[in-house]
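FYI, the working numbering numbers position 30 of the sequence shown as 14, with every residue one higher than the one before it. Glycine included, each C-beta is placed from N, C-alpha and C at the ideal position.
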Amino acid sequence: MKYNPGYWRLTPLYRLILEIVIDHPEGVSESDLIDILKKEHEVDVGKAELYKALMKLELSGYIQVEPVGKEFVIRLSPTFPELFK
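The structure is reproduced here in structure tokens:
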């Protein structure tokens, strides 16, 4: 799905992030997530906007964000499948 960066996004950022994390069950690093958003979805996102979306997903129980070195690794929450029963 391609976006025109000068206009409103058709899909919310948190939804794009969740789809990327689902496609990477082993987890995705913060820098890889930003690269995927830029290259595959043409979304240039700042750290504040990214962290806000990650916090929304983590507080909703969809993902887990773990610090690894200077970055974060984002994985699906173990309870993710139970949320959709």
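Span separating the alpha-carbon of residue i from that of residue j
{"i": "Glu98", "j": "Ser15", "result": "Past the boundaries of the shown model lies residue 98; the chain is included only from -15 to 69, so the question cannot be answered."}
{"i": "Thr63", "j": "Val52", "result": "22 Å"}
{"i": "Val12", "j": "Lys69", "result": "25 Å"}
{"i": "Lys31", "j": "Lys54", "result": "14 Å"}
{"i": "Glu10", "j": "Tyr46", "result": "15 Å"}
{"i": "Thr(-5)", "j": "His8", "result": "19 Å"}
Beta-carbon contacts of residue i that lie in its chain and below 7 Å, excluding the five residues immediately before and after
{"i": "Gln48", "result": "Glu42, Arg59, Ser61"}
{"i": "Lys22", "result": "Asp28"}
{"i": "Ile20", "result": "Ile4"}
Residue i, buried or exposed, once every other Cβ within 10 Å from all chains shown has been counted against 16
{"i": "Phe56", "result": "buried"}
{"i": "Leu67", "result": "exposed"}
{"i": "Leu17", "result": "buried"}
{"i": "Glu1", "result": "The amino acid at residue 1 is misidentified as Glu; the sequence shows Ile. That one is buried."}
{"i": "Met38", "result": "Just to set this straight, residue 38 is Leu in the shown sequence, not Met. Answer is buried; the Cβ neighbour count reaches 16."}
{"i": "Leu(-3)", "result": "buried"}
Residues of its chain near residue i, where Cβ-Cβ distance is below 6 Å and the 5 sequence neighbours each way are ignored
{"i": "Lys(-14)", "result": "Residue confidence is low: Lys(-14) scores 49 on pLDDT, short of 50, so the model does not pin down where it sits. Its coordinate-derived value is still stated next. Within the same chain, Lys(-14) has close Cβ partners Glu26."}
{"i": "Glu50", "result": "Val57"}
Close-in-space but distant-in-sequence residues of the same chain around residue i (CB under 8 Å, 5 per side omitted)
{"i": "Lys40", "result": "Tyr(-2)"}
{"i": "Ile6", "result": "Leu60"}
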